[in-house]
Structure formats: structure tokens, C-alpha cells
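A.B. asks: The sequence shown begins at 2 in my numbering and counts up by one.
Just so you know, even glycine gets a beta-carbon here, dropped at the ideal spot from N, CA and C.
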Amino acid sequence: MKTFVIFFTALFIGINCLAQQMHSDNGDGTFTNPVISADFPDPDVILVDSTFYMVTTTMFVFPGVPILKSHDLVNWVYCSNAVPRFDFDKCYDLDGCNRYSHGQWATSLKYNNGKYYLLFITLDEGGFLCTALKPEGPWQIKKLPKGFYDPGLFFDDDGRIYVAHGYSTIYVTELDTNFAPKGDDVLVYTGDIRRGLEGTHVYKINGYYYLYCTYGGVDGIQVALRSKNIYGPYEQKVVIRDSTKGVSFGVHQGALIKTKTGEWWTMLFVDQGAFGRFPSLQPVTWIDDWPMVGVNGKGVITYKKPNVGKEYPIRVLPTSDEFDSTTLGMQWGWNHNPDSTKWSLSKMPGYLRLTTAKVVSTLREARNTLTQRMFAYYSKTIPTTAVTKIEVDSMKDGDIAGLAVFQDPYAYIAVKQNNGSKYIIMVNNGKTIDSVAVNSSTIYLRALAYYGTSLASFSYSFDNKTFTSLGNELSMRFNLSVFTGNKFCLFNYATKTTGGYVDFDWFRTDVSL
Numbered sequence: 002m003k004t005f006v007i008f009f010t011a012l013f014i015g016i017n018c019l020a021q022q023m024h025s026d027n028g029d030g031t032f033t034n035p036v037i038s039a040d041f042p043d044p045d046v047i048l049v050d051s052t053f054y055m056v057t058t059t060m061f062v063f064p065g066v067p068i069l070k071s072h073d074l075v076n077w078v079y080c081s082n083a084v085p086r087f088d089f090d091k092c093y094d095l096d097g098c099n100r101y102s103h104g105q106w107a108t109s110l111k112y113n114n115g116k117y118y119l120l121f122i123t124l125d126e127g128g129f130l131c132t133a134l135k136p137e138g139p140w141q142i143k144k145l146p147k148g149f150y151d152p153g154l155f156f157d158d159d160g161r162i163y164v165a166h167g168y169s170t171i172y173v174t175e176l177d178t179n180f181a182p183k184g185d186d187v188l189v190y191t192g193d194i195r196r197g198l199e200g201t202h203v204y205k206i207n208g209y210y211y212l213y214c215t216y217g218g219v220d221g222i223q224v225a226l227r228s229k230n231i232y233g234p235y236e237q238k239v240v241i242r243d244s245t246k247g248v249s250f251g252v253h254q255g256a257l258i259k260t261k262t263g264e265w266w267t268m269l270f271v272d273q274g275a276f277g278r279f280p281s282l283q284p285v286t287w288i289d290d291w292p293m294v295g296v297n298g299k300g301v302i303t304y305k306k307p308n309v310g311k312e313y314p315i316r317v318l319p320t321s322d323e324f325d326s327t328t329l330g331m332q333w334g335w336n337h338n339p340d341s342t343k344w345s346l347s348k349m350p351g352y353l354r355l356t357t358a359k360v361v362s363t364l365r366e367a368r369n370t371l372t373q374r375m376f377a378y379y380s381k382t383i384p385t386t387a388v389t390k391i392e393v394d395s396m397k398d399g400d401i402a403g404l405a406v407f408q409d410p411y412a413y414i415a416v417k418q419n420n421g422s423k424y425i426i427m428v429n430n431g432k433t434i435d436s437v438a439v440n441s442s443t444i445y446l447r448a449l450a451y452y453g454t455s456l457a458s459f460s461y462s463f464d465n466k467t468f469t470s471l472g473n474e475l476s477m478r479f480n481l482s483v484f485t486g487n488k489f490c491l492f493n494y495a496t497k498t499t500g501g502y503v504d505f506d507w508f509r510t511d512v513s514l
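(1) Give the single residue among Pro-319, Gln-237, Gly-453, Pro-67 whose Cα lies nearest to the Cα of Met-293.
(2) Report the rounded CA-to-CA distance for Val-66 versus Ser-458, giving the unit in angstroms.
(3) Between Val-203 and Gly-138, how many whole angstroms is the CB-CB distance? I'm expecting something under 8 Å.
(4) Between the C-alpha atoms of Thr-498 and Phe-121, what's the straight-line distance to the nearest angstrom?
(5) With respect to the beta strand (DSSP E) encompassing Ala-83, which residues constitute its N-terminal and C-terminal limits?
(6) Restricting to Cα atoms, I'd like to know which of Ser-51, Ser-362, Thr-433, Phe-270 is closest to Val-301.
(7) State the Cα-Cα distance for the pair Ser-455 and Leu-176, rounded to the nearest angstrom.
(8) Does the Cβ-Cβ distance between Phe-87 and Phe-63 come in under 8 Å?
(9) Bridge partners for Leu-456 per DSSP, in chain order?
(10) Between the alpha carbons of Cys-80 and Ser-422, how many angstroms are there, rounded?
(11) Does Phe-376 come out as helix, strand or coil in the three-state DSSP assignment?
(12) From Asn-27, Thr-363, Asn-34, pick the residue whose C-alpha is nearest to that of Ala-377; which is it?
(13) Helix, strand or coil: which one does DSSP assign to Asp-26?
(14) To the nearest angstrom, how far is the alpha carbon of Tyr-213 from that of Leu-282?
(15) Within the continuous beta strand (DSSP E) that includes Glu-392, where are the two ends?
(16) Candidates Lys-432, Ser-476, Val-164: which alpha carbon is nearest Ala-275's?
(17) What first and last residue would you give for the beta strand (DSSP E) that runs through Ala-256?
(18) Taking Lys-397 and Gln-418 to be in contact with their CB atoms under 8 Å, please state how far apart those CB atoms are, rounded to whole angstroms.
(19) How about the region 389-405 and the region 480-487: do they share at least three Cβ pairs that are nearer than 8 Å?
(20) Among Thr-382, Leu-355, Asp-157, whose alpha-carbon lies nearest the alpha-carbon of Tyr-112?
(21) In the DSSP assignment, the beta strand (DSSP E) including Phe-129 goes from what residue to what residue?
(22) Among Arg-368, Val-388, Gly-192, Thr-245, whose alpha-carbon lies nearest the alpha-carbon of Asp-511?
(23) Using the DSSP secondary-structure output, state which residues sit across from Gln-332 in a beta bridge.
(24) Check whether the region 313-324 and the region 356-365 are in contact - that is, three or more C-beta pairs closer than 8 Å.
(25) Going by the beta-carbon positions, is the gap between Leu-449 and Thr-386 smaller than 8 Å?
(26) Measure from the alpha carbon of Leu-188 to the alpha carbon of each residue in His-166, Asp-29, Pro-182, then state which is nearest.
(27) Have a look at Leu-329 and Glu-474 and give me their C-alpha separation to the nearest angstrom.
(28) With a Cβ-Cβ cutoff of 8 Å, do Asp-340 and Lys-299 count as a contact?
(29) Please list the segments of the beta strand (DSSP E) lying wholly inside the region 163-239, counting only runs of 3 or more residues, in order along the chain.
(30) Roughly how many angstroms separate the alpha carbons of Thr-178 and Ile-162, rounded to a whole number?
(31) Relative to the C-alpha of Asn-99, which residue among Pro-42, Pro-136, Lys-348, Asp-125 is closest?
(32) From Thr-262 to Asn-308, what distance separates their C-alpha atoms?
(33) Between which residues of its own chain and Ser-71 is the CB-CB distance below 6 Å, once the five residues before and five after are set aside?
(34) If contacts are defined as beta-carbon pairs under 8 Å, then Gly-197 and Tyr-211 qualify, I think. What distance do you get, rounded to the angstrom?
(35) Write down the C-beta distance between Ala-39 and Met-375 rounded to the nearest angstrom, noting that I regard them as a contact closer than 8 Å.
(36) Assuming Phe-61 and His-337 make a contact with CB atoms under 8 Å, what is their CB distance in whole Å?
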């Protein structure tokens, strides 16, 4: 039966795609920004052989530090999550504290002498280096003696290793082969347009050292600093400052990329409200040895695809999951480290089992909340929809299990057991808005999130055909207290005693239902 449902869903989505764009590639030699319509911020991109690799930021979500790959800079697939879990502080286990808005920040990706490198900082624990012989992993992680804010790792022609880093004031530090400082940080530039010069990446092109930086924020400004010497003096050039409201407003922070055919591009990102920060692919034209971004000072929206020598098929990043595999898809990440003994894909094959891990009072404290990004699908009017089928017979009193839209504020629709009876409840930012008694072991929960209005609504069904709305709407925000885009979440937490469990049969997304 599940096979038939999968086929029917795929057919439905295929028909819907005729009317609604679900990817950047237009199929006619052009693409439309954002290149991925979901929360993949702080991109760094490199080219190795004929494959582009991109790293982005996940902060407190693990598996994290995701690597994606592409052959044309437009169509991306998951490659690996470099850090499966982060065991450097109890806060990543939600053990009396948390790392919301902290964790892994902007990461530098490099390839040198047969090895891949990822360099990043966490504000609380310091600097970390991940290395691998292939981008699919396995990745090895080690803590460094010193961390560098928004690091730009650079391997020079003479074998020396440097990192550019800093906020408002940019420093260059030479590193030894263990990636420890060989000397003092050297101040090379102080931002003079406004505060917040950051996000530095380092390149050496035609005899110049370039520090490719941003004055961050929603109205970001991308600049290039250049010098004939790694330590300066540097001169500054604004390469794009797009103040046009829309999908290129404030495009900033990312990587310079040269294709094998000699074209130059840059992968930056744009702040897109509650859904997060979206990657934006922009052309680069060199003028007087400056990498000028976009066309006539503006970011492109629909534009010709990069010429990489051949055409590659359209790819769509996965979202839906039937939980038929023995491993979770790479689109999933846990809210902080999971308790691996309290979730399973094998105890009931074809289902995701979540067992309550500890007694908590709110969703923000709960272990084993499974999250994934919400995709905007290039529409401000059509909602992005998530539906899950959940089996609830094995819950205990006080357990709450369901489907959330998570940021600050958050909301969810869930099943709660109280005195042996079950209720479907809608909770908005910690307050129970509505509830209804139920007497069913199988329940379908649905969330609709609107990219255009930043509103989300919730409903339930007993047959996956007729859905009944419950509660009120969540006004989604991109709050710096969390610092990621809103996410769909599957969860099960205990408020009285642990040991209860639920089984999620599947999770399916679409732009409309």
C-alpha cells in the first residue's frame, strides 16, 4: 500500500510542478535565484576536478556542517554532513543549557594536496578543524588551540598557511602545520563603511591577494579588499550593494568561483525572513582587477546558467521521507545532539520511532527533536506543506508528540496523553490555544507555512483527506535568539515520566495540498 501511496504522491507532485517551480533550473539554459530556496547560509564553494562543493551553516543542528555538491553551480545534491554530533560541551545535549544561535558559524572550505579542510568557530568552545580525504567523508574533527571569527583559510603558493578573520577589524594570522598560530594576529584592515565587516574568504588572483568580505545584515554590502602583500596595505572596493527590494536585496557573504571554462561566479546569500537565508548565484565581471558582482550593480534574478562545458540534469533536494531506510536522509538534523538510544528506524521497520528521552517542560528543552529546512519553492502565495502520519498507542501520561514549526516563537500541533486519554492540542509559543479529545491510534498532522506572509497554520485528520484546523496562526520570525530559518520538526517529549514512544510512518512535503 505504501508503494502505491508513494507513486500517487510523486504523480501529484509532478503534476503540481507544471504550475509551480520547485527548483532554480528553468530547463531552458537559465536559472532563477535563489539557487536553493531554503536556509543554507554562509556558503563557501570550491571546485575540485569537475565538481563544485559547498559548505553552509547549521549552528546547533546535528548532523551538521553540511557539504553539498554540484556540476553546474545550479543543481545541488547532498554530499555529507561533516560533523555527526558535537561532543565538546554538555549544552549540545540540552543538559541544563543550550546552544541556540551558537554552535558552528561561518565555515571555510578548502582543498589542498589531496585533502579537504573545514575551519570554523563556535563562540563558546573555540576553533575547530575538520579534514577528510574525500568530501563524502569520513571527516575527522579536532579542537584548535585558538579560534578565528569567520575564518578564511588560505594555502599560499609557497606552502605557507594563513587565516583571515575578524569582525569590523580584519586580521591575518600565519598558521603552522597543526593550524596553530605561528605569531601574532596582524591587523590588515578596519572596516570604514559601517560596523560589521566579516565573512572573509581569501584568494590569490593575478598577483593580488583578495579578502572577499561583507558588511553583514539584511542590507548587506559585499566588498573586495586587495593587496600585493598578504599583510597589506589593502584597498577596498564595493562589488555589490543591491538596495532593490526582492530576492537580491542585500545579497552578501560567500565565495568567488572560477569554472573550468574560465567564467567567474560568486555564491552569496540573501536574508529572506522567516524561512532563513538563501544562497544566491551571481555572475562576476572583472573590471580593473576588481570582481564586480551582478549586472549594472544589481543582483540577477533570472540569468543564463554557468557554462561548465556540458549540460547536467535538474536535481531537487529531498524533503519527504517514508522512513524505509536504515539511516536518516541527509536533509534531517536533530535539534542539538540526539540521544541515540531513544530513536530508531529498525524497532518497527518502515517507521521512525521516537521514545521520550527526559522529562522537560517545553519543546525548546526536548531531546531528539528531528528537524529539516522549509523550502519556499519560489512562491509568496502558495504554502509549503508538511504532513506526517503518527501512531500513538504507546504514549504515557504527560507525553506530547507531533509536528512543529520551530524558531522563536514556535508552534505545534500534537497529541497529548492525560489520565489515559488523548487530546490533539495546538500550542503557540508555549501557550495551549485549543484542544480536542480523540480516540484513534492513527492521526495525521499537518502544518502549512507561508513564505509570503510568514504565517503558519495547523490541522489534523483521521483519513489524510479531510483536515480540520486547530488553534491560531503562528507569526513566524527569523529571531537571532535561534539564528536559523524556521524548521519543520517531528518530536516526542515527556512532561511526567519517560519511556513512552510514538511511531512516525512518514513525513511528506509539498507546496500545496
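C.D. replies: Let me lay it out:
(1) Here the closest residue by C-alpha is Gln-237.
(2) Their backbone Cα atoms lie some 30 Å apart in a straight line.
(3) Contact doesn't hold; Cβ gap of about 25 Å is too wide.
(4) Straight-line Cα distance between these residues: approximately 38 Å.
(5) Counting along the chain, the beta strand (DSSP E) containing Ala-83 begins and ends at 77-84.
(6) Measuring from the Cα of Val-301, the nearest candidate turns out to be Phe-270.
(7) If you take the alpha carbons of Ser-455 and Leu-176, they lie about 45 Å apart.
(8) Their beta carbons are under 8 Å apart, which means Phe-87 touches Phe-63 by this criterion.
(9) As a beta-bridge residue in DSSP terms, Leu-456 pairs with Tyr-451, Ser-476.
(10) Approximately 44 Å, taken between the alpha carbons.
(11) Three-state result, Phe-376: coil.
(12) When each option's Cα is compared against that of Ala-377, the closest is Asn-34.
(13) Correct three-state label for Asp-26: strand.
(14) So the alpha carbons of these two residues sit roughly 15 Å apart.
(15) Start and end: 385-392.
(16) Nearest of Lys-432, Ser-476, Val-164 to Ala-275, Cα basis: Ser-476.
(17) Here the beta strand (DSSP E) through Ala-256 covers 253-259.
(18) So it is a contact: roughly 6 Å between Cβ atoms.
(19) Result no; under three Cβ-Cβ pairs closer than 8 Å.
(20) Nearest of Thr-382, Leu-355, Asp-157 to Tyr-112, Cα basis: Asp-157.
(21) Segment 127-133, the beta strand (DSSP E) holding Phe-129.
(22) Measuring from the Cα of Asp-511, the nearest candidate turns out to be Val-388.
(23) DSSP, once it has assigned bridges, lists no residue as partnering Gln-332.
(24) Fewer than three beta-carbon pairs drawn from the region 313-324 and the region 356-365 are found closer than 8 Å, and the two stretches are therefore not classed as touching.
(25) At a Cβ-Cβ threshold of 8 Å, Leu-449 and Thr-386 count as neighbours.
(26) Selected option, being the one with the closest Cα: His-166.
(27) If I take the Cα positions, the gap works out to 30 Å.
(28) Going by C-beta atoms, Asp-340 is not nearer than 8 Å to Lys-299.
(29) Along the length of the region 163-239, whole beta strand (DSSP E) runs at least 3 residues long occupy 170-176, 187-191, 198-206, 209-216, 222-228, reported in chain order.
(30) Per the coordinates, the alpha-carbon of Thr-178 lies some 8 Å from the alpha-carbon of Ile-162.
(31) Ranked by Cα distance from Asn-99, the first of Pro-42, Pro-136, Lys-348, Asp-125 is Asp-125.
(32) For Thr-262 and Asn-308, the gap between their C-alpha atoms comes out near 7 Å.
(33) Non-local C-beta neighbours of Ser-71 in its own chain, meaning closer than 6 Å and more than five positions away in sequence, comprise Phe-53, Trp-77, ordered along the chain.
(34) About 19 Å; that fails the 8 Å criterion.
(35) Contact between Ala-39 and Met-375 holds: CB atoms are separated by about 7 Å, below the 8 Å threshold.
(36) With 8 Å as the limit, Phe-61 and His-337 qualify as a contact, their Cβ atoms being about 6 Å apart.
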